[in-house]
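Peer 1:
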Amino acid sequence: MANLVRVLCLEPLLKKAGLEADVGQNFELIYDRLASDDRLKDVRLELDAAVSCYFASLELPETVTLYDQLLLSLRPKDLIASFNWDPFLLQAYARNRHMRLPRIVLLHGNVYLGYCPEHKAKGYLTQTCNSCGRPFQQSPLLFPITKKAYRSHPLLASEWEELSSTLEHAYLLTILGYAAPSSDTAAKEILLKAWDGNETRELAEVEVVDILPRRTLYDRWKEFIVRHHWAASTRFSLTWQCRYPRRSCETFAFATLQQDPWADRPIPRVRRLDRLQSWIHPLVDEEVALESRNVPLKPFRSVR
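FYI, the numbering for the sequence shown is 1 to 304, going by my numbering.
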């Protein structure tokens, strides 16, 4: 957000609107000034188009990325909630979609996300509604930072509702790089209300992945933490879902409730996506056997 004005060369557009923007200023603060003045509606629409065009042009490399690892480490019972406009998560989902992936909600919209307001359907922007056959509409992207009425748009309201209902039953909560800015109090209030309603919160674990000092992260997220039930790290590779892919909740429960920790089986560091998918496949097969024939999942044990 601090580099967006410079990267998108938005200074001439902002000057046309009478705004002398500092290129290092948070973009949302600039947008808030535009959104609060109806006389600048045309400038705001031009700005929206420039932002959408930029993010839509981004593409993942063909090699394995963090997005692939994140998706493949989770199951359909799990949920990824993203604030990002870029298409990386949805691009990774498309190329791994045959692998039984977690659900995704996009809390600030996304350049690849489309929806049908009439039938409350969503999907890739290039798709059409299964009910009416009409092309999906583009999801909204930008919000005034001081007036983020997440419940006012039908698409985003449903995204937040799914996140809230999931948080009320979550056993592991991993916060990956989200700063929870003080300016965005609406988001944090919604998250905290749902988390406070979680009846297993006393046993649940909160993980924070960030480059900031541990004390800073604790102060930021202390309202979500019960006693010592939290961890902080600077790398995704140290999270429960990366060390115990697709079995993070099971391993956490066995370690803390049964005193029977499982052996680590971290996601391998490979560059080719097909090799990572082949490594994940046996875990997926176990999940299918559990659901179809009630065959228990196999604990991760050390190979002797």
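Just so it is clear, CB atoms sit at the ideal spot from N, CA and C, and this is done for glycine as well.
(1) With distances taken from CA atoms, which of 299, 99, 169 and 74 is nearest residue 193?
(2) Looking only at its own chain, which residues have a Cβ that is under 8 Å from the Cβ of residue 151, when we skip the five neighbours before and after it?
(3) Is residue 72 near residue 246, with beta carbons less than 9 Å apart?
(4) What residues match up with residue 123 in a beta bridge as DSSP calls it?
(5) Starting from residue 230, follow its DSSP beta bridges and name the residues at the other end.
(6) Just mark residue 15 as buried or exposed, buried being the case when its beta carbon has 16 or more other beta carbons within 10 Å.
(7) Counting pairs of Cβ atoms below 8 Å between the stretch 204-220 and the stretch 231-244, do you hit three or more?
(8) Considering only the alpha carbon of each residue, which of 174, 127, 291 and 111 lies closest to residue 54?
(9) According to DSSP, what are the bridge partners of residue 105?
(10) Report the residue from 216, 11 and 141 whose alpha carbon sits nearest the alpha carbon of residue 35.
(11) Thinking C-beta only, is residue 106 closer than 9 Å to residue 139?
(12) Tell me the residue span of the beta strand (DSSP E) that contains residue 175.
(13) Would you mind sorting residue 122 into buried or exposed? The rule is 16 or more other CB atoms within 10 Å of its CB.
(14) Report, in whole angstroms, the separation of the C-beta atoms of residue 252 and residue 172, which I expect to be a contact under 8 Å.
(15) Taking residue 177 as the reference, which of 65, 289, 28 and 83 has the closest Cα?
(16) Could you check the C-alpha separation between residue 117 and residue 80 for me, to the nearest Å?
(17) Given residue 334, which residues of its chain have a CB within under 7 Å of its CB, disregarding the five upstream and five downstream residues?
(18) Checking 9 Å against the spacing of the C-beta atoms, do residue 249 and residue 266 come in under that value?
(19) Can you tell me which of the three DSSP states residue 259 falls into?
(20) What are the start and end residues of the alpha helix (DSSP H) that includes residue 275?
(21) Go to residue 33, then tell me how far its alpha helix (DSSP H) extends in each direction, as first and last residue.
(22) Measure how close the beta-carbons of residue 90 and residue 124 come, nearest whole angstrom, since I'm counting them as under 8 Å.
(23) Could you check the C-alpha separation between residue 218 and residue 199 for me, to the nearest Å?
Peer 2: Let me lay it out:
(1) 169
(2) 157 and 160
(3) Yes. Within cutoff.
(4) 114
(5) 206
(6) Burial call: exposed.
(7) yes
(8) 111
(9) 81
(10) 141
(11) yes
(12) Where residue 175 is concerned, the enclosing beta strand (DSSP E) stretches over 172-176.
(13) In the assembly as shown, residue 122 is a buried residue. Its beta-carbon has 16 or more other beta-carbons within 10 Å.
(14) 6 Å
(15) 83
(16) The straight-line gap from Cα to Cα measures roughly 23 Å.
(17) Since the first residue shown for the chain is 1 and the last is 304, residue 334 is missing from the structure and cannot be characterised.
(18) no
(19) Coil at residue 259, not helix or strand.
(20) Boundaries of the alpha helix (DSSP H) harbouring residue 275: 273-293, taken from the DSSP string.
(21) 27-35
(22) The Cβ separation is near 7 Å, so the contact holds.
(23) 22 Å
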